[in-house]
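**Q**
Residue numbers (the working numbering): 363 to 520.
(1) Which ranges does the alpha helix (DSSP H) cover as unbroken runs of at least 4 residues, wholly within the segment 383-458, from first to last along the chain?
(2) Within the same chain, show all residues whose beta-carbon is closer than 7 Å to that of residue 454, passing over the 5 residues directly before and after it, in chain order.
(3) Could you check what DSSP says for residue 470 in three-state terms: helix, strand or coil?
(4) Nearest-angstrom Cα distance between residue 476 and residue 470?
(5) Round the Cβ separation of residue 472 and residue 403 to the nearest angstrom and send it over; I've been treating them as touching at under 8 Å.
(6) Buried or exposed: residue 447, going by 16 or more other Cβ atoms within 10 Å of its Cβ?
(7) Cβ atoms of residue 405 and residue 529: under 8 Å apart, would you say?
(8) Go through its chain and collect everything with a Cβ distance to residue 370's Cβ below 6 Å, but skip five positions before and after it.
(9) With burial defined as no fewer than 16 other Cβ atoms inside 10 Å of the residue's Cβ, what is the status of residue 496: buried or exposed?
(10) Taking the alpha-carbon of residue 372 as reference, which of 434, 464, 388 has the nearest alpha-carbon?
(11) Secondary structure at residue 380, three-state DSSP: helix, strand or coil?
(12) Kindly indicate the opening and closing residues of the alpha helix (DSSP H) around residue 485.
Here it is as structure tokens:
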């Protein structure tokens with residue numbers, strides 16, 4: 363397995379290449395995932411608190427599936443800014459799967475046992491078998507199509 367520094371560098375380089383800004387900082391406040399905060403489209407990382415490097419791809423997925431207007435304004439816990447019944451969670455989960463495939467990373471790096479309400483193995487099994495829960499959302503957002511997924515047409519929603 364890759365050491366965390368190399369893995370973090372691989373992930374952050376990719377995110378910067380696709381247009382998601384990264385800033386390393388000390389995060390004082392409590393965050394949804396340890397060591398990661400989102401502020402107006404920027405992914406803030408506290409390496410001392412980051413527990414699972416794969417969480418970077420999941421949180422970046424939330425940024426990626428936001429509209430440009432949302433990216434410019436949303437901070438903190440993403441779901442708190444969404445109207446009830448409107449969640450992009452499945453789109454962000456599937457986006458992170460496409461990203462890990464693009465980077466040739468093992469699914470367990472993103473879908474680790476501590477995440478996804480104990481459904482990590484179920485998600486991996488479905489995705490690895492071509493059952494892409496959330497794909498209609500990514501298609502509707504214009505990011506991919508069912509014939510080419512997990513390849514993406516665009517990494518950021520326009």
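Note that beta-carbon positions come from the ideal geometry of N, C-alpha and C, so glycine has one too.
No experiment lies behind these values; they were computed from the predicted model shown.
**A** Per the coordinate set shown:
(1) 417-427, 430-435
(2) Position 92 of the chain shown, counted from the first residue, corresponds to residue 454. Around residue 454: 420, 423, 424, 427.
(3) Within the chain shown, residue 470 is the residue found at index 108, counting from 1. It is helical.
(4) Within the chain shown, residue 476 is the residue found at index 114, counting from 1. Within the chain shown, residue 470 is the residue found at index 108, counting from 1. Whole-angstrom Cα-Cα distance: 11 Å.
(5) The count along the chain shown starts at 1 and reaches residue 472 at position 110. The count along the chain shown starts at 1 and reaches residue 403 at position 41. Between residue 403 and residue 472 the Cβ distance is about 20 Å, and since that is not below 8 Å, they are no contact.
(6) On the chain shown, position 85 is the one that residue 447 refers to. No answer about residue 447 holds up, because its pLDDT of 48 lies below 50 and its placement is not dependable.
(7) For residue 529 there is no data in the structure shown, the boundaries of the chain being 363 and 520.
(8) To locate residue 370, count along the chain shown from 1; it is residue 8. Within the same chain, residue 370 has close Cβ partners 415.
(9) Walking along the chain shown from the start, residue 496 turns up at place 134. Under this definition residue 496 is a buried residue.
(10) Here residue 372 is taken as the residue at index 10 of the chain shown, counted from 1. Ranking 434, 464, 388 by Cα distance to residue 372 puts 464 first.
(11) Within the chain shown, the letter at position 18 stands for residue 380. Note: residue 380 maps to helix in three-state DSSP.
(12) Residue 485 sits at position 123 when you count from the first residue of the chain shown. Residues 482-490.
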